[in-house]
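Below is one structure, written out as structure tokens; the observations come after it.
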Amino acid sequence: MSAFLPGLPLLKASHAQDTATGVVFRPNAFIRITPQGSVTLIMRYAEMGQGIYTGISMLLAEELGVTLDQVSVEAAPADPAYVDSVAGEEETGGSSSTRDSWIPLREAGAAARMMLVSAAAQIWGVPENACQARDGRVFHSASGRSLSYGELAGAATHQPVPAKVSLKPASDFTLIGTSPRRLDTKAKTNGSAKFGIDAQIPGMKIGCIIACPVKGGHLSGYNRAAALAVPGVVDVVTLPDAIAVIGEHMWAAIKGMEAAFPQWEYGPNATTSTADILAQMKKASEQSGVVAVKNGNAQEALKQAHTRIDAVYELPFLAHAPLEPINTTLHIRPDGADVWVGTQVPGRARQEVADATGLRPESIAVHNHLIGGGFGRRLDSNSIGQAARFAKQVPYPVKLIWTREEDITQDQFRPYYYDRISAGLTQDGAISGWHHRTTGSSVTARWYPEGMQNGLDPDAVEGAAQTPYAMPDQLVEFVRDEPDAVTTLWWRGVGPTHNVFVVESMIDELAHQSGQDPLALRKKLAAHQPRALKVLNEVEKESGWGKALPAGHGMGIALHYSFQTWAATVLEVAVEKNGQIRLVQAHTAVDCGPIVFPDGIVAQIQGGLIFGLTMALYNEITLKDGRVEQTNFHNYRMMRLNEAPDIQVHLVSDPDAEIGGIGEVGTVAAAPALANALFAATGKRLRSIPFAKQLGGEKA
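Set out below in structure tokens:
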């Protein structure tokens with residue numbers, strides 16, 4: 001569905017801004033051109049390192065007829081004009097940004113270009129088809145005349161918005177498919193880039209927040225006088241389950257919090273441990289769940305299988321742990337509010353503030369900033385609501401920051417998953433029965449209840465309900481089991497990051513159990529998927545699959561179709577005698593349909609793999625006495641530069657296919673490719689994450 005909305009008005013605040021800056025040409029919600037010739041893209045997606053400011057600007061610039069360096073980017077306000085049609089709201093997530101903009105942003109640019117050309121043709125009294133637009137100017141080659149877009153801005157305002165636009169054929173692209181320098185490179189290199197935590201507002205104070213470390217508990221006491229006695233502390237404000245100490249600077253707030261020494265009543269989850277949650281999950285997993293897929297008769301086919309494997313896979317709770325911790329700057333006034341924050345959901349953020357303050361949403365302006373890592377955490381705006389409940393208690397602007405410890409322990413975690421799976425092969429190597437039952441929390445039920453389908457969470461089974469493989473007898477179920485002691489949330493790669501690990505590990509187990517080459521078996525089972533075969537063949541060639549390896553080395557393969565993108569990854573590892581794991585090299589072949597920004601794809605696959613490999617090797621969130629045990633990067637560790645493998649990305653595009661997402665594709669492949677490589681190297685099948693401690697070689 002096209003989301004091109006010609007002439008859709010912006011918010012009144014934006015009109016005022018347009019008047020102040022002299023903007024006169026605003027053909028749709030995405031473009032502003034001033035008489036001075038500046039071209040501004042109103043960006044409906046948050047830039048959090050994925051390069052979306054550049055990729056989306058390329059779409060617009062290609063059809064508008066400007067160079068990329070002529071485009072400046074401004075974060076969109078919270079407004080229905082900027083709804084992502086994949087997500088159904090104003091949101092950056094689900095690897096949907098480029099997919100949802102592929103047609104609408106090009107149409108927006110093409111419509112504006114047509115209006116500018118029409119204006120020039122009228123001024124010159126020539127046919128429109130005698131004029132050409134490029135590099136921010138309209139040319140009439142027959143007479144040698146030209147006018148800049150700035151010179152045409154006023155006249156273009158009076159042109160009708162075209163009811164239908166024609167887009168460039170791919171053969172005429174001059175920008176799409178190239179790799180220009182990213183628009184945010186310079187600012188992020190010289191330090192001028194402004195993230196949410198960098199917001200500076202006149203008269204602003206800075207606050208440090210601590211909430212009850214056990215979910216469901218409340219604040220029972222604190223030393224207000226001691227906090228206020230700390231130099232630089234100006235106020236102490238509380239909520240039922242949290243406290244904020246506000247100071248002239250962050251150090252004063254931190255020292256004031258130490259002096260306040262908050263006390264807690266921990267509530268009903270005071271004794272909960274990870275073992276308690278897992279025991280509850282195991283019990284729940286023994287019962288049948290909501291059916292996601294039922295083809296043929298999986299149970300009967302399994303009975304007839306020549307090779308059969310029954311297994312349990314486990315994935316732990318995970319934190320998001322972005323480099324930029326949670327922060328929100330607010331100025332709450334009786335008549336409205338301003339919010340400076342980095343968020344993936346501006347509309348939800350605005351509503352959180354409205355709910356917390358009683359203000360009308362229309363009176364709340366959300367000023368979205370660059371985000372120092374999202375990974376799904378900024379898809380929830382609970383921290384913004386918390387900040388608003390604090391900020392409404394003070395008359396001045398205040399920046400409220402979570403410490404790193406607060407950011408990890410108070411995170412909303414990727415669900416723990418407990419998967420029972422049984423799979424078989426016929427004597428000739430076809431799948432004979434496949435039964436996959438996943439048990440875990442439903443993020444959809446809490447975050448987007450309208451997305452539930454008669455008790456089924458589609459995200460919880462994504463990557464399990466649809467696999468690349470022929471499965472004539474298949475049963476996929478979901479058992480919802482909600483832990484009381486934590487809140488769960490989307491995590492980079494969402495359902496596929498969990499399910500592809502299980503599916504690809506099981507395919508690998510079947511291959512080894514039946515004496516087949518794991519890559520060859522995948523080709524056989526995915527023979528009906530030509531794009532799957534294409535990426536498998538490419539990664540087989542580029543990785544040297546099947547070559548002789550030194551002792552202790554192993555190669556693992558993972559194939560998946562996620563976010564409308566096909567990808568195959570081969571990872572080579574080396575395992576030392578002491579169990580230490582070394583990641584040698586990764587090769588990923590990617591078919592995401594049309595390619596917009598090749599360097600951006602390569603960077604996202606590389607970053608996604610690093611993120612996913614870090615998780616698979618080292619990461620888990622555990623609870624003891626209701627509290628999260630991991631508190632900072634010393635015990636929720638990140639992969640170091642010297643641990644990263646050489647990563648080669650091979651683009652095998654299909655320009656005629658539907659365009660796919662890319663931001664989470666690498667993360668999805670990481671755990672299964674690593675698990676399968678470790679088996680090849682050691683003969684040990686690891687069915688639970690993290691891996692490093694199971695082999696005895698985890699570094700501190």
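In full-length UniProt numbering, the protein residues as written are 1 to 700. Don't be surprised by glycine CBs; every beta carbon is placed ideally from N, CA and C.
Residue closest to T238, alpha-carbon to alpha-carbon, out of A252, P231 and A260: A260
Member of G451, G455 and H435 whose CA lies at the smallest distance from the CA of D473: H435
9 Å Cβ cutoff met for E482 and R437: no
Segment contact flag, the region 657–673 with the region 603–615, C-beta cutoff 8 Å, min 3 pairs: yes
Cβ shell of S96 (< 8 Å), same chain only, five flanking positions each side left out: D84, V86, A87, F563 and G661
Contact check, N327 vs P346, beta carbons under 9 Å: no
Contact under 9 Å by Cβ, P262 with I210: yes
Endpoints, beta strand (DSSP E) assigned at P180: P180 -> no beta strand (DSSP E), and no H or E assigned at all.
Segments assigned beta strand (DSSP E), at least 3 residues, entirely inside the region 438–501: 474–480
Neighbourhood of N223 by C-beta distance below 8 Å, restricted to the same chain and skipping five residues each side: A259, A260 and F261
C-alpha distance - G424 paired with V502, whole-angstrom precision: 15 Å
Uninterrupted beta strand (DSSP E) stretches inside the region 360–447 (no shorter than 3 residues): 364–368, 398–402, 417–425 and 431–440
Chain C contact for N632 (CB, 9 Å cutoff): The structure shown contains no chain C; it is built from a single protein chain.
Counterpart residues of L315 in DSSP-defined beta bridges: Y417
For S624, three-class secondary structure by DSSP: Looking at the sequence provided, one finds Lys at residue 624 rather than Ser. Strand, per DSSP.
Own chain partners of D484 with C-beta closer than 8 Å, once the 5 adjacent residues on each side are dropped: K215, G216, P268, N269 and T272
The region 559–573 touching the region 24–39, judged by at least three CB pairs closer than 8 Å: no
Enclosing alpha helix (DSSP H) for N676 [first to last residue]: V665 to T682
When Q412, A354, G49 and V398 are compared against D380, the one with the closest alpha-carbon: Q412
6 Å CB neighbourhood of G493 in its chain, flanking five on each side removed: E664, T667 and V668
Span separating the alpha-carbon of Y149 from that of V66: 9 Å
Exposure of S166, with buried meaning 16 or more beta-carbon neighbours within 10 Å: exposed
Contacting residues, own chain, Cβ-Cβ under 7 Å from L651 (five flanking each side not counted): V590, I595, P598 and I601
Complete runs of the alpha helix (DSSP H) confined to the region 250–277 [at least 4 residues]: 250–260
Neighbourhood of A356 by C-beta distance below 6 Å, restricted to the same chain and skipping five residues each side: G385, A388 and R389
N- and C-terminal bounds of the alpha helix (DSSP H) containing L330: Premise fails: L330 lies in the beta strand (DSSP E), N327 to R333, not in any alpha helix (DSSP H).
Local Cβ density within 10 Å of G696, reported as buried at 16 or more and exposed below that: exposed
Status (buried if at least 16 other CB within 10 Å, exposed otherwise) for S543: buried
Top-ranked residue by Cα proximity to A359, from D338, G373, T343 and R377: This sequence places Leu at residue 359; Ala is not what is there. Ranking D338, G373, T343 and R377 by Cα distance to L359 puts D338 first.
As assigned by DSSP and simplified to three states, the class of V245: strand
Residue environment, G455, which counts as buried when at least 16 other CB atoms sit within 10 Å: exposed
Test item: CB-CB of N499 and E450 under 9 Å: no
Selection from S118, H560, I246 and S38 that minimises the alpha carbon distance to D135: S38
Residue closest to P690, alpha-carbon to alpha-carbon, out of P645, I647 and I621: I621
Within 9 Å, strictly: CB atoms of G376 and E324: no
Buried/exposed call for F633, threshold 16 Cβ in 10 Å: exposed
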